[in-house]
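**Student:** Sharing a structure here in structure tokens format.
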Amino acid sequence: MCQANNRFIFCSCSDKNEDPSTDELTVYYIWTLIRYLGSKESRIRGKIMMPTKDLGNGITLDAICEQLNSDLTTFDFDYEPSERDSLSISIIHPIERYMYFKLIFIDRQWQQGSNNIFTSVTEEIASGNIKRHVNFSQEDQWITVTKDTITSIFKKIDEEANMEMRWKLIRELIDRKPEEAFSKAKTFIVSDAHHQRMIGCEILVKLYYSDYESSEIFILFFDILKLEDNEEIISLILNTLDSINKNFSEQQIEFLCKFKNYRDDVKLNLMDAFSWIENEKVIDVLIEFSKDKNYEVRETAVSKLGNLTESANVKLLEALWNSVHDKNKEVRHTAILALSERKEEDLKDILLKELQKIDGQGRLILDAIENLNDKSFIPHIEFQIQKHKNSANYLTKLLQNTLDDLNSAT
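Note that our numbering has the sequence shown beginning at 213, numbered continuously upward.
Shown next as structure tokens:
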């Protein structure tokens, strides 16, 4: 049979020594051919990573599907497809990470799709890598992706303006050479250029999340904060401190409190860093923020105060009661919920007032009512269900859930 030029060959051989370009920077496309044997019972459920139709280098779902459904020979071994055979093609892309698509043989045609991995019994027929046949005068070539060198990655990070892509490049750098990334970051964070200091901090953040030299990086974060005046960098570090085991010393807490006078982004990230910390200075900052002119800062502060359920701080409780009368509904509702979790029975009149004007954003009010577990709210809930039954299905559902909860309470 005459075979067309420029076709894919699915090679099951594992010897790539014939390819002189094989080294640690070369990434191969992988294919796996699976035979369907039957079904099985399974209660396992899960989410599957979304496939990608184009893996680069011309390896697209449409191109592979078209070749498989033609008379061309695709595999380097004798193969006759059976119903529900499946073919997976993937590559661990240096930047985009794992990319794949799958095809399934149904009614004598290959098409996009796969068997259910949880309920299917299967076995592997073969696997390997992909070559491209150009013409008979040239040797078939492995189809590969070449990783950037470490030097090239650093250059791309420095030049990349898109933050999402920069994070991907930093992740690739740390996966391959964390020690070089750490060394370079320490030189960047003392640069006079804001752009380089930001990159240095971004690398440190990724290294910290990967648990590389985390103790030293924690100390570096405070060293940076002592000298840094750029609020974008300050916010990034404070946001990262949110993920750290909150064993701040009194001296560190006092130092962090100085950022309370910065702009709103810094305030919000400072509160994240202070999450769940039962400390007088932290509580004082949160109380101050609960009166901020920005409602988002106020709401976040009230929420953080509400999380400190073990605290007997009188000023904290007073701040929550003050926020119950805030002009912003989200702030009010957050404060009411926090007080309901403390079983503050004096909330009843306030809750009834909020219930009278409840709308689809009133979930926190209903949660607060459930927290109090007071059956005297039942007729008021029933009234609201009747009031909204023809106009707000989502709200009536929330109301009905609360009614059911109160009715079933002992």
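Yeah, the Cβ is synthetic: ideal placement off N, Cα and C, and Gly gets one too.
#1: Would L206 and L584 qualify as a contact pair, given that the criterion is a beta-carbon distance under 8 Å?
#2: Quick one: complete beta strand (DSSP E) runs, 3+ long, within the segment 233 to 309?
#3: Looking at C-alpha atoms only, which residue of T546, W243, R255, I260 is the closest neighbour of I276?
#4: What are the complete alpha helix (DSSP H) segments, minimum 4 residues, inside the segment 338 to 405?
#5: Tell me the residue span of the alpha helix (DSSP H) that contains R510.
#6: Roughly how many angstroms separate the alpha carbons of N473 and D496, rounded to a whole number?
#7: Distance check for H592 and L564, CA to CA, integer angstroms please.
#8: By alpha-carbon positions, which one of V494, N481, W488, M483 ends up nearest to E466?
#9: With a threshold of 7 Å on Cβ separation, who are the neighbours of Q279 within its own chain once the five nearest residues in sequence on each side are excluded?
#10: Assuming contact is defined by CB atoms lying nearer than 8 Å, are V514 and A485 in contact in what I supplied?
#11: Which whole-angstrom value describes the C-beta separation of F313 and L284, a residue pair presumed to lie in contact below a C-beta threshold of 8 Å?
#12: If you reduce the DSSP assignment to three classes, tell me which class R554 lands in.
#13: Compare the beta carbon distance of I303 and Y241 with 8 Å and say whether it is the shorter of the two.
#14: For a test of the three-state rule: what should DSSP assign to E582, helix, strand or coil?
#15: With DSSP collapsed to three states, give me the class of R575.
#16: Alpha carbon to alpha carbon, how far is S588 from N605?
#17: What is the rounded straight-line gap between the Cα of I532 and the Cα of E372?
**Tutor:** So, from the data block:
#1: Residue coverage of the chain in this structure runs from 213 to 622, which leaves residue 206 outside it and unanswerable.
#2: Those beta strand (DSSP E) runs which fall completely within the segment 233 to 309 and span 3+ residues are 238 to 240, 242 to 251, 298 to 305.
#3: As a position in the sequence shown, residue 276 is number 64, starting the count at 1. I276 has its Cα closest to that of W243, out of T546, W243, R255, I260.
#4: Fully enclosed alpha helix (DSSP H) runs of no fewer than 4 residues occupy 362 to 371, 375 to 388, 390 to 400 of the segment 338 to 405, in order along the chain.
#5: Locating residue 510 in the sequence shown gives position 298, where the first residue counts as 1. Start and end: 507 to 519.
#6: For this step, residue 473 is matched to residue 261 along the sequence shown. For this step, residue 496 is matched to residue 284 along the sequence shown. Here the C-alpha atom of N473 lies approximately 13 Å from the C-alpha atom of D496.
#7: What you label residue 564 is simply residue 352 of the sequence shown in a count that begins at 1. What you label residue 592 is simply residue 380 of the sequence shown in a count that begins at 1. In a straight line, the C-alpha of L564 is about 8 Å away from that of H592.
#8: For the purposes of this step, residue 466 is taken as residue 254 along the sequence shown, with counting starting at 1. Among V494, N481, W488, M483, the Cα nearest to that of E466 is on V494.
#9: Walking along the sequence shown from the start, residue 279 turns up at place 67. Only R219, F220, T286 meet the Cβ criterion.
#10: The sequence position of residue 514 within the sequence shown is 302, counting from 1. The sequence position of residue 485 within the sequence shown is 273, counting from 1. Not in contact: V514 and A485 (Cβ atoms no closer than 8 Å).
#11: Translated into positions along the sequence shown, residue 313 becomes position 101. Translated into positions along the sequence shown, residue 284 becomes position 72. Contact doesn't hold; Cβ gap of about 19 Å is too wide.
#12: Translated into the one-based positions of the sequence shown, residue 554 becomes position 342. Of the three classes helix, strand and coil, the one that applies to R554 here is coil, per DSSP.
#13: To locate residue 303, count along the sequence shown from 1; it is residue 91. To locate residue 241, count along the sequence shown from 1; it is residue 29. Yes, these two residues count as a Cβ contact at 8 Å.
#14: Taking the sequence shown and counting its residues from 1, the one referred to as residue 582 is at position 370. Reduced to three states, the DSSP call for E582 is helix.
#15: Position 363 of the sequence shown, counting from 1, holds the residue named residue 575. Of the three classes helix, strand and coil, the one that applies to R575 here is helix, per DSSP.
#16: Indexing the sequence shown from 1 puts residue 588 at position 376. Indexing the sequence shown from 1 puts residue 605 at position 393. Going by the C-alpha atoms only, they are around 24 Å apart.
#17: Sequence index remark: in the sequence shown, residue 532 carries index 320 (1-based). Sequence index remark: in the sequence shown, residue 372 carries index 160 (1-based). Sequence check: residue 532 is Leu here, not Ile. L532 and E372 have their C-alpha atoms roughly 45 Å apart.
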